[in-house]
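Undergrad: Residue numbers (my numbering): 1 to 609.
Positions of the beta carbon are idealized from the N, C-alpha and C atoms, including for glycine.
In this text, all values refer to a predicted model and were calculated from it rather than measured experimentally.
(1) What do you reckon, are the CB atoms on residue 134 and residue 167 nearer than 7 Å?
(2) Are the CB atoms of residue 293 and residue 334 within a distance shorter than 7 Å?
(3) Mind checking residue 297: buried by the 16 CB within 10 Å criterion, or exposed?
(4) Tell me whether residue 260 sits in a helix, a strand or coil according to DSSP, three-state version.
(5) Taking the alpha carbon of residue 389 as the reference point, which residue from 359, 363 and 113 has its own alpha carbon closest?
(6) Hey, which unbroken runs of the alpha helix (DSSP H) at 4 residues or more fall wholly within the segment 327 to 398?
(7) By how many angstroms is the C-alpha of residue 385 removed from the C-alpha of residue 420?
(8) With DSSP run on the structure shown, which of helix, strand or coil describes residue 471?
(9) Determine the extent of the alpha helix (DSSP H) in which residue 136 is found, giving its start and end residues.
(10) Decide yes or no for the touch test of the segment 314 to 322 against the segment 484 to 503: beta carbon pairs closer than 8 Å, at least 3 of them.
(11) For residue 586, count the other beta carbons within 10 Å of its own beta carbon; 16 or more makes it buried, fewer makes it exposed. Which is it?
(12) Looking only at its chain, what residues have a beta carbon closer than 7 Å to the beta carbon of residue 606, apart from the 5 residues adjacent to it on each side?
(13) Tell me the DSSP secondary structure of residue 426 in three-state form.
(14) Can you tell me whether residue 97 is helix, strand or coil according to DSSP?
(15) Flag this pair as touching only if the segment 343 to 356 and the segment 399 to 418 have three or more C-beta atom pairs under 8 Å; answer yes or no.
(16) The beta strand (DSSP E) with residue 528 in it runs from where to where?
(17) Using beta-carbon positions only, say whether residue 196 and residue 235 come within less than 7 Å of one another.
(18) On the three-state DSSP scale, how would you describe residue 419?
(19) Give every residue of the same chain whose Cβ lies closer than 7 Å to the Cβ of residue 92, excluding the five residues on either side of it in the sequence, and list them in chain order.
(20) Are residue 272 and residue 306 close, meaning C-beta to C-beta below 7 Å?
(21) Tell me the residue span of the alpha helix (DSSP H) that contains residue 607.
(22) By the three-class DSSP mapping on this structure, what secondary structure does residue 452 have?
(23) What is the rounded straight-line gap between the Cα of residue 27 and the Cα of residue 139?
(24) Taking C-beta to C-beta, are residue 423 and residue 414 nearer than 7 Å?
(25) Going by DSSP, name the residue or residues bridged to residue 247.
(26) Hey, residue 109 and residue 128: beta-carbon distance below 7 Å or not?
(27) Give me the Cβ distance between residue 471 and residue 532, rounded to the nearest whole Å; I'm assuming they're in contact under 8 Å.
(28) Taking only the alpha-carbon atoms, compute the straight-line gap between residue 488 and residue 304 and give it to the nearest angstrom.
(29) Would the beta-carbon of residue 447 fall within 7 Å of that of residue 494?
(30) Please tell me whether residue 268 and residue 215 are closer than 7 Å, where the distance is taken between their beta carbons.
(31) Could you tell me which of 241, 240, 213 and 242 sits nearest to residue 229, measuring between CA atoms?
(32) I think residue 615 touches residue 543, with their Cβ atoms under 8 Å apart; what is that distance to the nearest whole Å?
(33) Would residue 250 and residue 218 be called neighbours here (beta carbons separated by less than 7 Å)?
(34) Please look up how many angstroms separate the CB atoms of residue 206 and residue 547, rounded, as I've assumed it's under 8 Å.
(35) Determine the extent of the alpha helix (DSSP H) in which residue 546 is found, giving its start and end residues.
(36) Going by CA-CA distance only, name the one from 356, 329, 365 and 591 that's closest to residue 341.
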């Protein structure tokens, strides 16, 4: 039966069909261009062979017309079944695609939220779980397509890129974990915001008892500032094995809040034994101050003399000393006022007597009270105004200090080009100024140390101008240096003197060593030819001014271990840009970068095409 022609139609009785002309189709007697159109019910043998081969392998169409008809019938039935199922599968695939996209968005949102709050809150967990479920649904529905895609060359390249990205991210995670657990940290901020201040490190190194810190921070109020505070407290714990930190959410654990009698928060509690200090502040200054108060059983008193138009330690006016007063209280001092009208003598519990800018002459009995206080081993800090007699000049001379009747001018080192606002150089070698930063002294007079040869005095200049500075004695006309009339520079602006026992070594700024047999030096005085530097106007913004004043008090009160550079007040780091800078940033970030990325993508696509 080889070469048999299959035709579902019976032979036609039409004579034309029985005897077709040359070149005509055996099926139809029409022209050749019409003969190519299949008639209903007609089956092309080549099509039958192809269909049979596609359905049952190497099927031989010569096996008979019945088998071929069965194959054709089966194909038609399968095509009909596929056509019936196509709408349902299409709907499922569409729903799965939407679920996959929504799941991806949910996962990304959850990861971003977690990275922002650094906490696995219920909302974050919900986003991550829902996202994972939706992505899993998409993967199950499209598993066949995903397997095909996984075998493609593009998928292999994508896998390599993904593995490389994961490796880089993993390396960064390991580096971060190592730095976090082993103390590695590099502070690149301009003001070293994430490095504990020198004073804080000193206080922590001198702790002789365990301190427990309980910080009540509600998670619902957590913000970047609070997270920064937590990081700051963790630095305290890393710096000293004596410190243990516990963070408590008072909303989740109200029992702990009740135990510590907490009514308002955030608040941080420092406890050691039966002693407790608390602070509502969230800065390094607040925490270190609490540690100082907790670790020191004695609170020394600093008296500010009043009654001669001196500066008021309680005043918040620009000329007041409230900023300085608060700084002293953070150092665990008690600040009080003293008037010789109510107390003829300096109280016996006075660690330091401050004379801040007296503008009226002291009476004879008042001068004697200050002199007796010094002779008895007392400590005085005197801040003087230019061209103003105080009545205490004889006391200063007795301590080998000369107060100049002049005005300090320095054209080389000053503030904003104003020679009347010198920025004198802190002198090395003394505890007060050894680690001091810049200070500003607007409107100063010279304070010059005399020779201490043959005396029991140790004298040191604390602040000096440059060599181009001088003490102007003529206040009229234009200021210029006059040889033989003015005080030649460099001139001194502040002097420290301590009196010691003749058998004790005389060293400027010396600190007695506990447990030694030498006698403790007695009597200390610091004289500064300026008062304005410690006012609220300058003590707050110029941290060197604040440190200079407090360091002087610490040295006078024999609390040298507190002399250091203190933490800066925490403030927002802002960037002030001109209009041109704003336009440049806008076009760079909003226009240039996105457009460049788009053009690069188009170029790559065109090249591959």
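TA: Judging by the given coordinates:
(1) no
(2) no
(3) exposed
(4) coil
(5) 359
(6) 364 to 375 and 393 to 398
(7) 14 Å
(8) strand
(9) 122 to 141
(10) no
(11) exposed
(12) none
(13) strand
(14) helix
(15) no
(16) 524 to 528
(17) yes
(18) strand
(19) 141
(20) no
(21) 593 to 608
(22) coil
(23) The pLDDT assigned to residue 27 is 41, lower than 50, so where the model puts this residue is not dependable; a value taken from the coordinates is nonetheless given after this. For residue 27 and residue 139, the distance between alpha carbons rounds to 53 Å.
(24) yes
(25) 215
(26) no
(27) Rounded, the Cβ-Cβ distance is 17 Å, inconsistent with contact.
(28) 34 Å
(29) yes
(30) yes
(31) 213
(32) This structure cannot speak to residue 615, because the chain is shown only from 1 to 609.
(33) yes
(34) Wrong, their Cβ atoms sit about 19 Å apart, outside the cutoff.
(35) 543 to 556
(36) 365
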